[in-house]
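First to last, the sequence lines map onto chains A and B.
The working numbering numbers the first residue of the first sequence as 55 and each following residue consecutively.
The working numbering numbers the first residue of the second sequence as 13 and each following residue consecutively.
Worksheet for the structure shown next.
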Amino acid sequence: MKSVLDDLKKQKKLRPDRMMFRDEAETLTFADVAARSDAIGSALLSRRANREPVLVFMRRSGAMIAAFFGVWKANCFYVPVDAEMGEARIRSIIDRVKPRLAIADDSADPLLFSCGFAGERLDAKAILSEPVDPAALEAAEQARLDTDPAYLVFTSGSTGAPKGVVGVHRAVLDYAEQITRALRADETDVFGMQAPLYVDACLKEILSALRCGAGVVLIPKKLFMTPVPLVEFLNAHRITSLCWVVPALTLISALHTFDAVVPQHLKTVAFGSEVMPPKQLKIWRDHVSARYLNLYGPTECTGMSCFYEVDRDFSDDERIPIGHAFDNTELFLIDENGNRANEGEILIRGTAVCHGYYRDPERTAAAFVQNPLNPDYPETVYRTGDLGRINDRGELEFLGRRDDQIKHMGHRIELGELEAAAKTVDGIDAACAVFDRGRSVLGLVYTGAADKAELLAVLRKKLPEYLLPKRTVRVDALPLTENGKTDRKAACAMLYR
Amino acid sequence: MEKLLDILRELHPETDFETETRLVDGGILASFDIVMLITRIEEEFDVVIPAKDIVPEHFNSVKALYALIEKISEQDD
């Protein structure tokens with residue numbers, strides 16, 4: 055196998071009429087998705103697409119995922135974009151990638167062109183009626199390499215410029231095997247997908263459908279504001295499996311939802327992307343009997359790299375482990391001197407490590423490094439920047455970040471990106487972004503003449519929603535450390551003055 | 013009412029909460045904002061908002077939200 059497209063072929067034969075993806079607009083069977091991807095692949099090939107990035111700028115939908123597969127069929131890699139990412143982020147992606155081709159629906163208007171896209175716009179609907187070219191698709195399959203890129207997704211960068219992570223087919227194939235084993239996914243499962251499609255998180259559900267024949271229901275985003283209708287939705291669609299960010303699960307448990315309604319069909323509840331508070335996990339386990347999995351892994355290693363299946367109770371001050379590495383992946387800890395240790399920075403090696411950052415040799419070199427334990431031949435490993443330790447049970451625990459990167463609302467955030475955006479606003483002299491872990495609040499402390507409302511109005515245009523501060527405080531001067539650097543800790547305390 | 017407006021303005025200082033009537037439907041309150049909002053309301057007003065009341069019609073405007081808080085406070089008394 056060279057890509058998970060072989061899985062699509064297999065599923066189309068096994069269960070053509072089974073629901074693969076369902077969203078608010080339509081239900082697509084495995085046969086529908088395969089047919090759409092053939093049409094899209096053929097359309098791209100007829101435009102002589104070849105191993106190049108193809109922007110997919112669509113509303114979050116099964117149709118968008120079918121477009122991803124279509125891009126693969128043309129041996130290209132998809133660059134997912136959603137209007138909710140905000141104008142500045144979209145502009146910076148288009149500027150970095152300069153794609154020649156974009157597949158777009160009406161949600162991309164007018165942003166696609168106003169953000170600088172200068173290539174050919176293929177209408178997501180019209181493209182489906184273009185003729186399928188089996189010979190061209192076959193030739194493309196022959197020419198495919200498993201080391202070719204599969205996608206390019208962008209994560210927060212500290213200097214303000216997002217980093218484009220180049221995902222690889224070989225790693226996606228491996229991930230399909232490992233994640234579906236961890237989730238114990240099978241053809242009877244129905245996943246309730248929370249993740250947006252412009253991050254790698256959505257691969258968990260997509261790969262469960264491809265590898266195991268599971269169905270995926272894309273849960274409308276607006277339901278993640280109303281916990282009772284959300285759980286009713288899970289029951290109505292007989293959802294068996296969740297892979298959600300922690301805030302989506304705590305939305306339900308923290309707001310007394312189980313007093314009103316309880317999920318009826320859940321077998322698997324997987325969470326990740328930030329630390330699950332033991333208290334919230336307990337509420338879930340007390341009301342819903344399912345397998346609970348704590349997942350951990352960076353985008354740079356194709357999604358998740360390890361997991362812990364909850365097998366005991368945790369007190370409020372205990373850490374829920376991130377457990378053990380997937381098969382065919384190693385996570386190891388390195389101390390400050392570059393030696394193997396029981397506590398230190400988490401490094402990851404294996405086929406899951408992706409190719410690096412797109413058109414960004416400097417930041418690639420900083421994070422994708424020679425294995426410090428291997429002086430003998432070239433071997434690239436990924437430095438996560440996360441700190442971990444091995445506990446007494448031999449399980450890996452996540453301790454926090456080495457730098458100013460945080461996880462918030464399921465998104466990876468460099469505080470520097472919010473700061474960089476704030477500093478470009480007229481009337482802002484200095485700004486310090488802070489994260490109050492206790493309350494899970496992203497805040498901004500600034501000096502300057504601009505008032506809060508003006509500042510927020512400008513930031514709203516520049517940043518995706520999850521990067522917007524939830525508390526903003528104007529101060530006369532930012533606190534400084536002895537070394538004259540901004541004192542983030544002291545600034546955080548100023549949030550509640 | 014002022015207390016509630018303060019909580020909301022802290023979340024989204026750029027919004028005119030006194031006139032806005034589509035806070036949820038118009039996408040002004042973001043996904044997951046709601047947990048923080050309710051936690052703050054429960055702290056400030058000393059009420060527990062039942063999950064079944066967390067629906068758009070109670071959260072689309074400050075007026076509706078305030079009415080909900082008052083209704084719950086009265087029931088508690």
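Glycine residues also receive a C-beta, built at the ideal position from the N, C-alpha and C atoms.
On a predicted model such as this, the values are computed, not experimentally measured, just so you know.
message: Whole angstroms are fine: how far does the CA of Gln232 of chain A sit from the CA of Arg443 of chain A?
response: Looking at the two C-alpha atoms, the distance is approximately 23 Å.
- prompt: Among residues of its own chain, excluding the 5 on either side of Leu264 of chain A, which ones have a beta-carbon nearer than 7 Å to its beta-carbon?
  reply: Excluding sequence neighbours, Leu264 of chain A sits near Val58, Asp61, Leu62, Gln65, Ala230.
query: Going by beta carbon distance, what residues of the same chain come within less than 6 Å of Thr535 of chain A, once the five residues before and after it are set aside?
result: Taken in chain order, the residues that qualify are Asp541.
field: Ile66 of chain B at chain A interface by Cβ criterion, 9 Å
entry: Taking Cβ atoms only, chain A reaches closer than 9 Å to Ile66 of chain B, which makes this a yes.
- prompt: Do Met118 of chain A and Leu251 of chain A come within 9 Å of each other at the CB atom, strictly closer than that value?
  reply: For the 9 Å CB-CB criterion, Leu251 of chain A and Met118 of chain A form a contact.
- prompt: To the nearest whole angstrom, what separates the beta carbons of Asp159 of chain A and Ala178 of chain A, a pair I think is in contact under 8 Å?
  reply: Confirmed, Cβ separation roughly 4 Å.
- prompt: Are Leu16 of chain B and Phe57 of chain B touching if we call contact CB-CB under 9 Å?
  reply: The criterion of a C-beta distance shorter than 9 Å is satisfied by Leu16 of chain B and Phe57 of chain B.
Proximal chain A residues relative to Ser43 of chain B, where beta-carbon distance stays under 7 Å: In chain order: Lys275, Phe278, Met279.
field: the stretch 357–370 of chain A / the stretch 187–204 of chain A touching (three or more Cβ pairs under 8 Å)
entry: No, they do not touch.
- prompt: Would DSSP call Cys355 of chain A helix, strand or coil?
  reply: Reduced to three states, the DSSP call for Cys355 of chain A is helix.
field: Paired residues, beta bridge with Tyr436 of chain A - DSSP
entry: Per DSSP, A:Ile402, A:Phe422.
- prompt: Checking contacts by CB at 9 Å: is Ala63 of chain B closer than that to chain A?
  reply: Yes, its Cβ sits closer than 9 Å to a Cβ of chain A.
Same chain, Cβ closer than 7 Å to Asp45 of chain B, neighbours up to 5 away in sequence not counted: Excluding positions up to five away in sequence, the list reads Leu23.
- prompt: If the cut is a Cβ gap below 9 Å, which residues of chain B does Pro301 of chain A touch?
  reply: Against chain B, the beta carbon of Pro301 of chain A has neighbours under 9 Å at Ser43, Phe44, Val47, listed in chain order.
task: Say whether the stretch 424–438 of chain A touches the stretch 387–407 of chain A, bearing in mind that this needs 3 or more beta-carbon pairs closer than 8 Å, one atom from each stretch.
output: Segments in contact, yes.
- request: Starting from the Cα of Asp149 of chain A, find the closest Cα among A:Ala172, A:Phe131, A:Pro134, A:Asp200 and give me that residue.
  value: Nearest C-alpha to Asp149 of chain A: A:Ala172.
message: Beta carbons nearer than 7 Å to chain B: which residues of the stretch 497–512 of chain A have them?
response: When CB distances to chain B are screened at a threshold of 7 Å, the residues of the stretch 497–512 of chain A falling below it are Lys506, Ala507, Leu510, Ala511, in chain order.
Runs of alpha helix (DSSP H) lying entirely within the stretch 59–90 of chain A, each at least 4 residues, in chain order: Counting only runs that start and end inside the stretch 59–90 of chain A, the alpha helix (DSSP H) elements of at least 4 residues fall at 59–68.
message: Per DSSP, what are the beta-bridge partners of Lys543 of chain A in this structure?
response: Its beta-bridge partners do not exist; DSSP assigns none.
message: Let's test the definition: count the other Cβ atoms within 10 Å of the Cβ of Ala474 of chain A and tell me whether it reaches 16, buried, or not, exposed.
response: Around the CB of Ala474 of chain A, 16 or more other CB atoms lie within 10 Å, so the residue is classed as buried.
message: Would you call the stretch 76–94 of chain A in contact with the stretch 119–137 of chain A, where contact means no fewer than 3 C-beta pairs closer than 8 Å?
response: Enough Cβ pairs lie closer than 8 Å, so yes.
message: Is there a C-beta anywhere in chain B that falls below 9 Å from the one on Tyr412 of chain A?
response: Chain B, which has no Cβ nearer than 9 Å to the Cβ of Tyr412 of chain A, makes this no.
message: Beta-carbon within less than 7 Å of Thr209 of chain A's beta-carbon, same chain only, minus the 5 sequence neighbours each way: which residues are those?
response: For Thr209 of chain A, where only same-chain residues beyond five positions count, the Cβ hits under 7 Å are Pro216, Lys217, Val219, Thr353, Arg466.
query: Around the Cβ of Glu80 of chain A, are there at least 16 other Cβ atoms within 10 angstroms (buried) or fewer (exposed)?
result: With fewer than 16 Cβ atoms within 10 Å of its Cβ, Glu80 of chain A is classed as exposed.
- request: Spatial neighbours of Ile91 of chain B within its chain, please: CB distance less than 6 Å, with the 5 preceding and 5 following residues excluded, ordered by chain position.
  value: No answer is possible for residue 91 of chain B: it lies beyond the span of chain B, which begins at 13 and ends at 89.
message: Assuming Arg339 of chain A is part of the alpha helix (DSSP H), what are its boundary residues?
response: DSSP places Arg339 of chain A inside the alpha helix (DSSP H), whose first and last residues are 332–341.
Anticipated Cβ contact below 8 Å, Gly464 of chain A with Val222 of chain A, distance rounded: Rounded, the Cβ-Cβ distance is 23 Å, inconsistent with contact.
query: Would DSSP call Pro107 of chain A helix, strand or coil?
result: Strand.
query: Alpha carbon to alpha carbon, how far is Phe386 of chain A from Gly398 of chain A?
result: A straight-line Cα-Cα distance of about 9 Å links Phe386 of chain A and Gly398 of chain A.
- prompt: Would you say Lys75 of chain B and Ala314 of chain A are within 9 Å of each other, going by their C-beta atoms?
  reply: No, the pair does not count as a contact, with Cβ atoms beyond the cut-off.
Beta strand (DSSP E) runs contained entirely in the stretch 174–208 of chain A, provided each spans 3 or more residues: Runs of the beta strand (DSSP E) inside the stretch 174–208 of chain A: 174–177.
- request: Indicate whether Glu174 of chain A and Ala190 of chain A have their beta-carbon atoms separated by less than 9 Å.
  value: At a Cβ-Cβ threshold of 9 Å, Glu174 of chain A and Ala190 of chain A do not count as neighbours.
field: contact_flag[the stretch 504–522 of chain A, the stretch 444–460 of chain A] where n(CB pairs < 8 Å) is 3 or more
entry: Not touching, per the Cβ criterion.
field: Strand pairing of Ser295 of chain A, partner residues [DSSP]
entry: Looking at the DSSP assignment, Ser295 of chain A forms a beta bridge with A:Phe245, A:Thr322.
query: Does DSSP put Ile467 of chain A in a helix, in a strand, or in coil?
result: Strand, per DSSP.
- request: Report the option in A:Arg491, A:Asp187, A:Glu141 whose CA atom is closest to the CA atom of Gly170 of chain A.
  value: It is A:Glu141.
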